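Undergrad: First the structure, then my questions, so here it is.
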Amino acid sequence: MSPAEDRLEERLRRDFPYREDRVYLNSAGAGLPWSGAGAAAAAHFAEIAQFGADARPGWIERAESARTRLASMLHVPSEDIAFLRSTTEVMNLAAASMTWEPGDEVVFPSDDFPSVVLPWQGARESGARIIPTRIEAEQQRTDALLAAMTPRTRMVAVTHVNATTGTRVDLARLGEKCRDVGALLIVDGIEALGSIPVDLTPVDVYGAGVFKWLMSGFGTAVGVFRERARTVLTPAYRGYRNPSPAPRFEYSEPNFPGLAVLDTTLAYLEDLGWDTVYARVEMLTAMVAEAVAGHGLRIVTPADRGGIIAFEHSDADGIVDLLREDGVDVVTRGGFVRVSPHFYNTVGDIHRFETALAAALARVAA
(Lines of atoms letter the chains of each structure in order from A and count residues from 1; the text may use other names and numbers.)
(Lines give C-alpha, C1' and ligand atoms only; values in the text may rest on other atoms or scores of the structure.)
Protein backbone atom coordinates (compact mmCIF):
# COMPACT_ATOMS: atom_id res chain seq x y z
CA MET A 1 0.00 0.00 0.00
CA SER A 2 0.99 3.61 -0.48
CA PRO A 3 1.95 5.83 2.48
CA ALA A 4 -1.40 7.62 2.15
CA GLU A 5 -3.25 4.29 2.36
CA ASP A 6 -1.17 3.31 5.40
CA ARG A 7 -2.12 6.57 7.11
CA LEU A 8 -5.79 6.04 6.29
CA GLU A 9 -5.81 2.55 7.76
CA GLU A 10 -4.09 3.83 10.89
CA ARG A 11 -6.83 6.47 11.23
CA LEU A 12 -9.50 3.81 10.78
CA ARG A 13 -7.99 1.64 13.50
CA ARG A 14 -8.24 4.62 15.87
CA ASP A 15 -11.75 5.57 14.82
CA PHE A 16 -13.12 2.01 15.03
CA PRO A 17 -11.58 0.44 18.13
CA TYR A 18 -13.04 -3.03 17.56
CA ARG A 19 -11.45 -5.89 19.49
CA GLU A 20 -7.91 -6.43 18.24
CA ASP A 21 -8.21 -10.20 18.69
CA ARG A 22 -11.03 -10.45 16.14
CA VAL A 23 -11.84 -9.52 12.53
CA TYR A 24 -15.37 -8.24 11.97
CA LEU A 25 -16.74 -9.13 8.53
CA ASN A 26 -20.49 -8.89 9.15
CA SER A 27 -21.36 -5.29 8.35
CA ALA A 28 -24.34 -6.59 6.35
CA GLY A 29 -25.69 -7.62 9.75
CA ALA A 30 -24.82 -4.46 11.68
CA GLY A 31 -22.17 -1.83 11.08
CA LEU A 32 -19.64 -0.88 13.73
CA PRO A 33 -20.22 2.64 15.09
CA TRP A 34 -17.32 5.05 14.84
CA SER A 35 -15.83 6.29 18.09
CA GLY A 36 -17.82 9.55 18.09
CA ALA A 37 -21.25 7.92 17.84
CA GLY A 38 -21.64 7.14 21.52
CA ALA A 39 -20.67 10.67 22.49
CA ALA A 40 -23.41 12.08 20.22
CA ALA A 41 -26.05 9.91 21.87
CA ALA A 42 -24.76 10.75 25.36
CA ALA A 43 -24.83 14.46 24.57
CA HIS A 44 -28.46 14.21 23.49
CA PHE A 45 -29.52 12.64 26.78
CA ALA A 46 -27.35 15.04 28.77
CA GLU A 47 -29.29 17.90 27.15
CA ILE A 48 -32.59 16.34 28.19
CA ALA A 49 -31.32 15.83 31.73
CA GLN A 50 -30.32 19.49 31.98
CA PHE A 51 -32.98 21.26 29.93
CA GLY A 52 -35.87 18.83 29.40
CA ALA A 53 -38.14 19.73 26.49
CA ASP A 54 -36.47 23.14 26.22
CA ALA A 55 -33.67 21.30 24.41
CA ARG A 56 -36.03 20.49 21.54
CA PRO A 57 -34.68 23.16 19.11
CA GLY A 58 -31.32 21.38 19.20
CA TRP A 59 -32.95 18.01 18.45
CA ILE A 60 -34.73 19.47 15.44
CA GLU A 61 -31.56 21.19 14.23
CA ARG A 62 -29.61 17.90 14.25
CA ALA A 63 -32.47 16.03 12.59
CA GLU A 64 -32.66 18.60 9.80
CA SER A 65 -28.87 18.55 9.46
CA ALA A 66 -29.02 14.77 8.93
CA ARG A 67 -31.82 15.24 6.40
CA THR A 68 -29.75 17.81 4.49
CA ARG A 69 -26.67 15.57 4.49
CA LEU A 70 -28.70 12.64 3.13
CA ALA A 71 -30.28 14.83 0.47
CA SER A 72 -26.80 15.89 -0.65
CA MET A 73 -25.53 12.31 -0.60
CA LEU A 74 -28.49 11.03 -2.63
CA HIS A 75 -28.91 14.10 -4.87
CA VAL A 76 -32.59 14.50 -3.98
CA PRO A 77 -34.55 17.40 -2.46
CA SER A 78 -34.76 17.39 1.33
CA GLU A 79 -38.56 17.21 1.14
CA ASP A 80 -38.27 13.74 -0.42
CA ILE A 81 -36.79 12.34 2.82
CA ALA A 82 -38.86 11.02 5.72
CA PHE A 83 -37.42 9.63 8.95
CA LEU A 84 -39.20 6.44 9.99
CA ARG A 85 -38.43 3.46 12.24
CA SER A 86 -37.22 0.70 9.90
CA THR A 87 -36.87 -0.42 6.31
CA THR A 88 -39.89 -2.66 6.84
CA GLU A 89 -41.98 0.33 7.93
CA VAL A 90 -41.04 2.21 4.75
CA MET A 91 -41.99 -0.76 2.56
CA ASN A 92 -45.29 -1.35 4.39
CA LEU A 93 -46.13 2.35 4.30
CA ALA A 94 -45.66 2.42 0.54
CA ALA A 95 -47.86 -0.67 0.10
CA ALA A 96 -50.59 0.61 2.41
CA SER A 97 -50.65 4.05 0.79
CA MET A 98 -51.58 2.75 -2.68
CA THR A 99 -55.23 2.78 -3.74
CA TRP A 100 -55.55 -0.78 -5.03
CA GLU A 101 -58.09 -1.90 -7.61
CA PRO A 102 -59.13 -5.45 -8.51
CA GLY A 103 -56.71 -6.86 -11.07
CA ASP A 104 -53.79 -4.59 -10.11
CA GLU A 105 -50.51 -6.48 -9.84
CA VAL A 106 -47.56 -6.44 -7.45
CA VAL A 107 -44.30 -8.02 -8.67
CA PHE A 108 -41.38 -9.00 -6.43
CA PRO A 109 -38.76 -11.79 -6.19
CA SER A 110 -40.17 -14.83 -4.42
CA ASP A 111 -36.92 -15.35 -2.48
CA ASP A 112 -36.44 -11.75 -1.38
CA PHE A 113 -36.25 -10.42 2.17
CA PRO A 114 -39.54 -10.41 4.17
CA SER A 115 -39.70 -6.60 3.97
CA VAL A 116 -40.25 -7.05 0.23
CA VAL A 117 -42.35 -10.23 0.23
CA LEU A 118 -44.84 -9.66 3.07
CA PRO A 119 -46.38 -6.12 2.97
CA TRP A 120 -49.10 -6.96 0.45
CA GLN A 121 -52.03 -8.17 2.58
CA GLY A 122 -54.03 -4.99 1.96
CA ALA A 123 -53.40 -5.21 -1.77
CA ARG A 124 -54.60 -8.82 -1.80
CA GLU A 125 -57.74 -7.94 0.17
CA SER A 126 -58.50 -5.23 -2.41
CA GLY A 127 -58.37 -7.76 -5.23
CA ALA A 128 -54.83 -7.17 -6.45
CA ARG A 129 -52.79 -10.07 -7.82
CA ILE A 130 -49.63 -10.84 -5.86
CA ILE A 131 -46.92 -12.15 -8.19
CA PRO A 132 -43.89 -13.63 -6.42
CA THR A 133 -41.36 -14.11 -9.22
CA ARG A 134 -39.03 -17.08 -9.23
CA ILE A 135 -35.34 -16.24 -9.63
CA GLU A 136 -33.53 -19.01 -11.50
CA ALA A 137 -30.02 -17.52 -11.21
CA GLU A 138 -28.48 -14.54 -9.45
CA GLN A 139 -27.51 -12.88 -12.73
CA GLN A 140 -31.16 -13.03 -13.82
CA ARG A 141 -32.78 -11.11 -10.94
CA THR A 142 -33.37 -7.97 -12.97
CA ASP A 143 -34.45 -9.83 -16.13
CA ALA A 144 -36.92 -12.02 -14.20
CA LEU A 145 -38.67 -8.97 -12.75
CA LEU A 146 -38.76 -7.24 -16.13
CA ALA A 147 -40.37 -10.31 -17.70
CA ALA A 148 -43.01 -10.49 -14.95
CA MET A 149 -44.31 -6.93 -15.47
CA THR A 150 -47.50 -6.32 -17.43
CA PRO A 151 -49.67 -3.27 -18.15
CA ARG A 152 -51.58 -4.17 -14.94
CA THR A 153 -48.49 -3.95 -12.74
CA ARG A 154 -48.85 -1.14 -10.18
CA MET A 155 -45.84 -1.79 -7.95
CA VAL A 156 -42.52 -3.60 -8.29
CA ALA A 157 -40.69 -4.26 -5.02
CA VAL A 158 -37.11 -5.48 -4.69
CA THR A 159 -33.99 -5.19 -2.56
CA HIS A 160 -31.31 -3.08 -4.20
CA VAL A 161 -28.59 -5.40 -2.89
CA ASN A 162 -29.76 -8.87 -1.94
CA ALA A 163 -29.05 -9.61 1.72
CA THR A 164 -28.21 -13.27 1.10
CA THR A 165 -26.11 -13.15 -2.05
CA GLY A 166 -25.04 -9.52 -2.43
CA THR A 167 -26.53 -9.31 -5.94
CA ARG A 168 -27.21 -5.73 -7.06
CA VAL A 169 -30.21 -5.30 -9.33
CA ASP A 170 -30.27 -2.80 -12.19
CA LEU A 171 -32.55 -0.06 -10.90
CA ALA A 172 -32.25 1.94 -14.13
CA ARG A 173 -33.70 -0.88 -16.25
CA LEU A 174 -36.39 -1.67 -13.69
CA GLY A 175 -37.34 1.98 -13.37
CA GLU A 176 -37.59 2.42 -17.14
CA LYS A 177 -39.96 -0.55 -17.47
CA CYS A 178 -41.98 0.66 -14.48
CA ARG A 179 -42.48 3.99 -16.24
CA ASP A 180 -43.55 2.17 -19.40
CA VAL A 181 -46.28 0.17 -17.62
CA GLY A 182 -47.27 2.85 -15.10
CA ALA A 183 -45.87 1.11 -12.00
CA LEU A 184 -44.00 2.45 -8.98
CA LEU A 185 -40.57 1.04 -8.14
CA ILE A 186 -40.31 0.38 -4.38
CA VAL A 187 -36.81 -0.51 -3.16
CA ASP A 188 -35.40 -1.92 0.07
CA GLY A 189 -31.99 -0.28 0.12
CA ILE A 190 -30.63 -1.29 3.51
CA GLU A 191 -27.77 -3.37 2.07
CA ALA A 192 -26.82 -0.62 -0.38
CA LEU A 193 -27.04 2.78 1.30
CA GLY A 194 -23.58 3.59 2.60
CA SER A 195 -21.76 0.78 0.79
CA ILE A 196 -22.24 1.70 -2.89
CA PRO A 197 -23.24 4.86 -4.76
CA VAL A 198 -27.03 5.09 -5.01
CA ASP A 199 -28.76 6.79 -7.94
CA LEU A 200 -32.44 7.33 -7.13
CA THR A 201 -33.39 8.75 -10.53
CA PRO A 202 -35.36 5.60 -11.51
CA VAL A 203 -36.78 4.91 -8.02
CA ASP A 204 -40.10 6.03 -6.52
CA VAL A 205 -39.70 4.87 -2.90
CA TYR A 206 -36.41 3.88 -1.27
CA GLY A 207 -36.16 2.64 2.31
CA ALA A 208 -33.07 1.91 4.35
CA GLY A 209 -32.44 1.43 8.04
CA VAL A 210 -29.23 3.09 9.20
CA PHE A 211 -27.82 0.36 11.45
CA LYS A 212 -25.84 -1.46 8.76
CA TRP A 213 -23.67 0.43 6.28
CA LEU A 214 -24.49 3.84 7.80
CA MET A 215 -23.37 2.53 11.22
CA SER A 216 -25.89 4.57 13.21
CA GLY A 217 -27.80 2.07 15.32
CA PHE A 218 -31.32 0.67 15.35
CA GLY A 219 -34.65 2.48 15.35
CA THR A 220 -34.13 4.92 12.48
CA ALA A 221 -34.70 4.48 8.75
CA VAL A 222 -34.42 6.76 5.77
CA GLY A 223 -37.54 6.76 3.61
CA VAL A 224 -37.17 8.54 0.28
CA PHE A 225 -40.54 9.27 -1.35
CA ARG A 226 -39.93 10.87 -4.73
CA GLU A 227 -42.33 13.38 -6.24
CA ARG A 228 -44.02 10.73 -8.42
CA ALA A 229 -44.72 8.56 -5.38
CA ARG A 230 -46.10 11.53 -3.43
CA THR A 231 -48.47 12.19 -6.34
CA VAL A 232 -49.75 8.61 -6.64
CA LEU A 233 -49.76 7.53 -2.98
CA THR A 234 -51.98 8.81 -0.17
CA PRO A 235 -50.17 8.48 3.18
CA ALA A 236 -51.76 5.61 5.10
CA TYR A 237 -50.66 7.01 8.48
CA ARG A 238 -51.51 10.51 9.63
CA GLY A 239 -50.21 12.51 12.57
CA TYR A 240 -49.35 16.03 13.60
CA ARG A 241 -46.38 16.09 11.20
CA ASN A 242 -48.47 15.29 8.11
CA PRO A 243 -52.10 16.34 8.55
CA SER A 244 -54.31 15.70 5.54
CA PRO A 245 -53.98 16.55 2.70
CA ALA A 246 -50.21 16.99 3.03
CA PRO A 247 -48.42 14.37 0.87
CA ARG A 248 -45.81 13.78 3.60
CA PHE A 249 -44.97 10.35 4.97
CA GLU A 250 -43.17 11.36 8.18
CA TYR A 251 -46.12 11.29 10.54
CA SER A 252 -44.68 11.39 14.08
CA GLU A 253 -41.68 12.37 16.14
CA PRO A 254 -38.51 10.80 14.73
CA ASN A 255 -35.89 9.03 16.79
CA PHE A 256 -34.04 12.17 17.90
CA PRO A 257 -31.12 10.44 19.69
CA GLY A 258 -30.72 8.13 16.71
CA LEU A 259 -30.67 11.11 14.37
CA ALA A 260 -28.00 12.78 16.51
CA VAL A 261 -25.87 9.67 15.94
CA LEU A 262 -26.73 9.61 12.24
CA ASP A 263 -25.86 13.28 11.77
CA THR A 264 -22.44 12.98 13.40
CA THR A 265 -21.75 9.74 11.49
CA LEU A 266 -22.66 11.33 8.17
CA ALA A 267 -20.38 14.26 9.01
CA TYR A 268 -17.56 11.78 9.70
CA LEU A 269 -18.18 9.98 6.41
CA GLU A 270 -18.30 13.27 4.50
CA ASP A 271 -14.94 14.21 6.01
CA LEU A 272 -13.50 10.85 5.03
CA GLY A 273 -15.02 11.19 1.57
CA TRP A 274 -17.80 9.08 0.05
CA ASP A 275 -15.55 8.16 -2.87
CA THR A 276 -13.05 6.76 -0.38
CA VAL A 277 -15.76 4.77 1.41
CA TYR A 278 -17.11 3.24 -1.79
CA ALA A 279 -13.66 2.51 -3.22
CA ARG A 280 -12.57 0.71 -0.05
CA VAL A 281 -15.72 -1.42 0.06
CA GLU A 282 -15.11 -2.39 -3.57
CA MET A 283 -11.44 -3.13 -2.95
CA LEU A 284 -12.01 -5.20 0.18
CA THR A 285 -14.86 -7.26 -1.30
CA ALA A 286 -12.68 -7.94 -4.34
CA MET A 287 -9.94 -9.18 -2.02
CA VAL A 288 -12.41 -11.47 -0.25
CA ALA A 289 -13.64 -12.84 -3.59
CA GLU A 290 -10.08 -13.50 -4.71
CA ALA A 291 -9.27 -15.30 -1.47
CA VAL A 292 -12.38 -17.48 -1.72
CA ALA A 293 -11.89 -18.30 -5.39
CA GLY A 294 -8.29 -19.21 -4.68
CA HIS A 295 -9.57 -22.20 -2.71
CA GLY A 296 -11.76 -23.38 -5.58
CA LEU A 297 -15.01 -22.43 -3.83
CA ARG A 298 -17.99 -21.30 -5.92
CA ILE A 299 -18.91 -17.68 -5.36
CA VAL A 300 -22.65 -17.10 -5.85
CA THR A 301 -22.32 -13.30 -5.81
CA PRO A 302 -22.11 -11.87 -9.34
CA ALA A 303 -19.86 -9.02 -10.46
CA ASP A 304 -22.73 -6.54 -10.01
CA ARG A 305 -22.78 -6.55 -6.22
CA GLY A 306 -22.76 -4.55 -3.05
CA GLY A 307 -20.44 -5.09 -0.09
CA ILE A 308 -21.28 -8.79 0.25
CA ILE A 309 -19.51 -11.92 -0.97
CA ALA A 310 -21.41 -15.21 -0.56
CA PHE A 311 -19.96 -18.59 -1.36
CA GLU A 312 -20.95 -22.23 -1.27
CA HIS A 313 -19.64 -25.00 0.94
CA SER A 314 -21.30 -28.30 1.80
CA ASP A 315 -20.74 -27.51 5.49
CA ALA A 316 -21.30 -23.76 5.53
CA ASP A 317 -22.27 -23.70 9.20
CA GLY A 318 -19.15 -25.65 10.09
CA ILE A 319 -16.92 -23.27 8.15
CA VAL A 320 -18.49 -20.27 9.89
CA ASP A 321 -18.05 -21.89 13.31
CA LEU A 322 -14.38 -22.60 12.61
CA LEU A 323 -13.78 -19.08 11.31
CA ARG A 324 -15.35 -17.64 14.44
CA GLU A 325 -13.20 -19.92 16.60
CA ASP A 326 -10.23 -18.40 14.77
CA GLY A 327 -11.44 -14.85 15.51
CA VAL A 328 -13.12 -14.04 12.17
CA ASP A 329 -16.78 -13.03 12.39
CA VAL A 330 -18.89 -14.05 9.39
CA VAL A 331 -22.35 -15.65 9.11
CA THR A 332 -24.39 -18.10 7.06
CA ARG A 333 -27.37 -16.82 5.07
CA GLY A 334 -29.49 -18.99 2.80
CA GLY A 335 -27.07 -21.87 3.18
CA PHE A 336 -24.11 -19.78 1.99
CA VAL A 337 -21.17 -18.31 3.87
CA ARG A 338 -21.65 -14.52 3.78
CA VAL A 339 -18.69 -12.16 4.17
CA SER A 340 -19.32 -8.41 4.30
CA PRO A 341 -16.39 -6.05 4.92
CA HIS A 342 -16.89 -2.31 5.27
CA PHE A 343 -14.49 0.54 4.58
CA TYR A 344 -13.18 0.39 8.16
CA ASN A 345 -11.75 -3.08 7.64
CA THR A 346 -8.08 -3.24 6.75
CA VAL A 347 -6.08 -5.18 4.22
CA GLY A 348 -4.66 -7.08 7.18
CA ASP A 349 -8.19 -8.13 8.17
CA ILE A 350 -8.70 -9.77 4.78
CA HIS A 351 -5.34 -11.54 5.03
CA ARG A 352 -6.42 -12.88 8.43
CA PHE A 353 -9.69 -14.07 6.87
CA GLU A 354 -7.80 -15.84 4.09
CA THR A 355 -5.50 -17.59 6.57
CA ALA A 356 -8.42 -18.61 8.79
CA LEU A 357 -10.41 -19.86 5.77
CA ALA A 358 -7.52 -22.06 4.65
CA ALA A 359 -7.28 -23.54 8.15
CA ALA A 360 -11.05 -24.09 8.37
CA LEU A 361 -11.16 -25.84 4.99
CA ALA A 362 -8.28 -28.09 6.01
CA ARG A 363 -10.02 -29.03 9.27
CA VAL A 364 -13.32 -29.78 7.55
CA ALA A 365 -11.58 -31.93 4.94
CA ALA A 366 -9.54 -33.88 7.53
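Counting along the sequence shown from 1, when you hit position 264 you're at 264 in the UniProt record's numbering, and nothing is skipped either side. For glycine and all other residues, C-beta sits at the position ideal for the given N, C-alpha and C. All values derive from a computational prediction rather than experimental measurement.
Tell me which same chain residues have a C-beta within less than 7 Å of the C-beta of residue 331, skipping the five on either side of it?
TA: Here residue 331 is taken as the residue at index 331 of the sequence shown, counted from 1. So the qualifying residues of the chain are 26, 29, 320, 338.
Undergrad: Between the alpha carbons of residue 229 and residue 108, how many angstroms are there, rounded?
TA: For this step, residue 229 is matched to residue 229 along the sequence shown. For this step, residue 108 is matched to residue 108 along the sequence shown. Roughly 18 Å between the two C-alpha positions.
Undergrad: With a cut-off of 8 Å, do at least 3 Cβ pairs link the stretch 148 to 160 to the stretch 180 to 191?
TA: Taking 8 Å as the limit for Cβ pairs, the verdict is that the stretch 180 to 191 does touch the stretch 148 to 160.
Undergrad: Should residue 296 be labelled buried (16 or more other beta-carbon atoms within 10 Å of its own) or exposed?
TA: In the sequence shown, counting from the first residue as 1, residue 296 sits at position 296. It is exposed - the Cβ of residue 296 has fewer than 16 other Cβ atoms within 10 Å.
Undergrad: Leaving out five residues on either side along the sequence, give the residues of the same chain with a beta carbon under 8 Å from the beta carbon of residue 110.
TA: Position 110 of the sequence shown, counting from 1, holds the residue named residue 110. Once the five neighbours on either side are set aside, the close Cβ partners of residue 110 are 117, 132, 133, 134, 135.
Undergrad: Taking 7 Å as the limit between beta carbons, can you name the residues of its chain near residue 203, skipping five residues before and five after?
TA: For the purposes of this step, residue 203 is taken as the residue at position 203 of the sequence shown. Taken in chain order, the residues that qualify are 171, 175, 185, 187, 226.
Undergrad: Can you tell me whether residue 344 is buried or exposed? The criterion is at least 16 other CB atoms within 10 Å of its CB, across all chains shown.
TA: Numbered from 1 along the sequence shown, position 344 holds the residue referred to as residue 344. Looking at its Cβ environment, which holds 16 or more other Cβ atoms inside 10 Å, residue 344 is buried.
Undergrad: Assuming residue 57 is part of the alpha helix (DSSP H), what are its boundary residues?
TA: The residue labelled residue 57 in the question sits at position 57 within the sequence shown. Taken as a continuous stretch (DSSP letters only), the alpha helix (DSSP H) holding residue 57 covers 56 to 74.
Undergrad: Would you kindly check if the distance between the Cβ of residue 327 and the Cβ of residue 22 is under 8 Å?
TA: By one-based count along the sequence shown, residue 22 stands at place 22. By one-based count along the sequence shown, residue 327 stands at place 327. Cβ distance < 8 Å, so residue 22 and residue 327 count as in contact.
Undergrad: Since residue 204 is in the beta strand (DSSP E), which residue starts that stretch and which ends it?
TA: Here the question's residue 204 lines up with position 204 in the sequence shown. Here residue 204 belongs to no beta strand (DSSP E), and DSSP marks it neither H nor E.
Undergrad: Run through the DSSP bridge pairs and tell me what residue 190 is partnered with.
TA: Counted from its first residue, the sequence shown places residue 190 at position 190. DSSP lists no partner for residue 190.
Undergrad: Could you give the residue range of the alpha helix (DSSP H) that holds residue 122?
TA: Reading the sequence shown from its first residue, position 122 is the one you call residue 122. Run containing residue 122: 121 to 125, per the alpha helix (DSSP H) assignment.
Undergrad: Would you mind reading off the limits of the alpha helix (DSSP H) that contains residue 31?
TA: By 1-based counting over the sequence shown, the position of residue 31 is 31. Careful: residue 31 lies outside any alpha helix (DSSP H) and carries neither H nor E.
Undergrad: Quick one: give me the first and last residue of the alpha helix (DSSP H) that residue 91 is part of.
TA: To locate residue 91, count along the sequence shown from 1; it is residue 91. Element bounds for residue 91: 87 to 96.
Undergrad: Of the residues 251, 88, 2, 129, which one's Cα is nearest the Cα of residue 100?
TA: The count along the sequence shown starts at 1 and reaches residue 100 at position 100. Looking at the Cα atoms, 129 is the closest of the given residues.
Undergrad: Can the beta-carbon of residue 275 be found less than 8 Å from the beta-carbon of residue 62?
TA: Indexing the sequence shown from 1 puts residue 275 at position 275. Indexing the sequence shown from 1 puts residue 62 at position 62. Contact: no.
Undergrad: Can you give me the start and stop residues for the alpha helix (DSSP H) that residue 175 sits inside?
TA: Within the sequence shown, the letter at position 175 stands for residue 175. Residues 171 to 181.
Undergrad: Which term fits residue 60, buried or exposed, when burial requires 16 or more other beta carbons within 10 angstroms of its beta carbon?
TA: Stepping through the sequence shown from its first residue, residue 60 is reached at position 60. Classification of residue 60: exposed, given that the 10 Å Cβ count is below 16.
Undergrad: Who are the Cβ neighbours of residue 168 in its own chain at under 6 Å, not counting the five residues just before and after it?
TA: Reading the sequence shown from its first residue, position 168 is the one you call residue 168. Correct list, in chain order: 161, 304, 305, 306.
Undergrad: Measure the alpha-carbon distance for residue 242 versus residue 221 and round it to whole angstroms.
TA: Walking along the sequence shown from the start, residue 242 turns up at place 242. Walking along the sequence shown from the start, residue 221 turns up at place 221. Their backbone Cα atoms lie some 18 Å apart in a straight line.
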